[in-house]
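With UniProt numbering applied, the sequence shown covers 1 to 194. For each residue, glycine too, the CB sits at the ideal point set by N, CA and C. Here is the structure we will look at.
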Amino acid sequence: MVLEAQKHGCVREAMIITSALSIQDPRERPMDKQQASDEKHRRFHDKESDFLAFVNLWNYLGEQQKALSSNAFRRLCRTDYLNYLRVREWQDIYTQLRQVVKELGIPVNSEPAEYREIHIALLTGLLSHIGMKDADKQEYTGARNARFSIFPGSGLFKKPPKWVMVAELVETSRLWGRIAARIDPEWWSQLLSI
1 MVLEAQKHGC VREAMIITSA LSIQDPRERP MDKQQASDEK HRRFHDKESD FLAFVNLWNY
61 LGEQQKALSS NAFRRLCRTD YLNYLRVREW QDIYTQLRQV VKELGIPVNS EPAEYREIHI
121 ALLTGLLSHI GMKDADKQEY TGARNARFSI FPGSGLFKKP PKWVMVAELV ETSRLWGRIA
181 ARIDPEWWSQ LLSI
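In structure tokens form, the structure reads like this:
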């Protein structure tokens with residue numbers, strides 16, 4: 001994903017997202033405080049992409065970390081229902097990725113990348129996690145005819161798009177697509193023809 005991101009001018013966003021996907025979600029949702037934590041996390045949502053919620057959260061954390069002392073930042077994480085150790089792990093993995101990218105001579109974009117470019121780069125690693133919405137149901141048909149629904153915690157849950165990619169499929173009471181984004185089928189058909 002990160003190597004493909006170079007072609008699309010979105011290396012920074014790809015590193016943020018791939019490092020976030022490699023750890024346990026830093027957003028916490030305690031059983032006794034689900035509504036409060038959901039409200040705190042809602043400000044990071046993107047109406048079309050849960051992947052961009054990670055970018056929004058990353059940007060917020062960076063701003064806060066610059067403005068606050070170390071102890072104040074820890075307190076902020078606690079009040080915002082963010083696991084401080086997971087945030088640090090996320091930052092460490094991003095730093096490692098950035099070092100590898102630097103050694104490979106891959107430029108990192110300083111300006112925010114376009115939605116389309118970010119998601120095309122992500123698709124290179126998630127082609128098996130594409131789904132098309134069933135017109136009659138709130139379900140998607142994916143690879144190998146897997147039938148899944150968008151996870152209720154997703155920013156796309158209430159207004160599911162026709163085509164999605166998801167970071168993972170998790171089976172509980174049913175098969176859920178977690179961390180979803182709206183995609184255009186032309187994007188992945190272009191990737192498959194390369």
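Contact between S19 and L85 does not hold, since the beta-carbon distance rounds to 15 Å and is not under 8 Å. Looking from the CA of S70, the closest CA among L57, I130, R88 belongs to R88. The three-state reading of DSSP puts V87 in helix, counting H, G and I together. Contact annotation: W187 and H129 have beta-carbon atoms that are not nearer than 8 Å.
Taking L169 as the centre and dropping the five residues before and after it, the same chain places the C-beta of H129, G142, A146, F148, L175, W176, G177, R178 closer than 8 Å to its C-beta, in chain order. A straight-line Cα-Cα distance of about 32 Å links Q138 and N83. Of all alpha-carbon atoms in G131, R74, L52, K159, the one lying nearest the alpha-carbon of A113 is that of L52. Inter-residue distance for R182 and L191 is about 16 Å (C-alpha atoms, whole angstroms).
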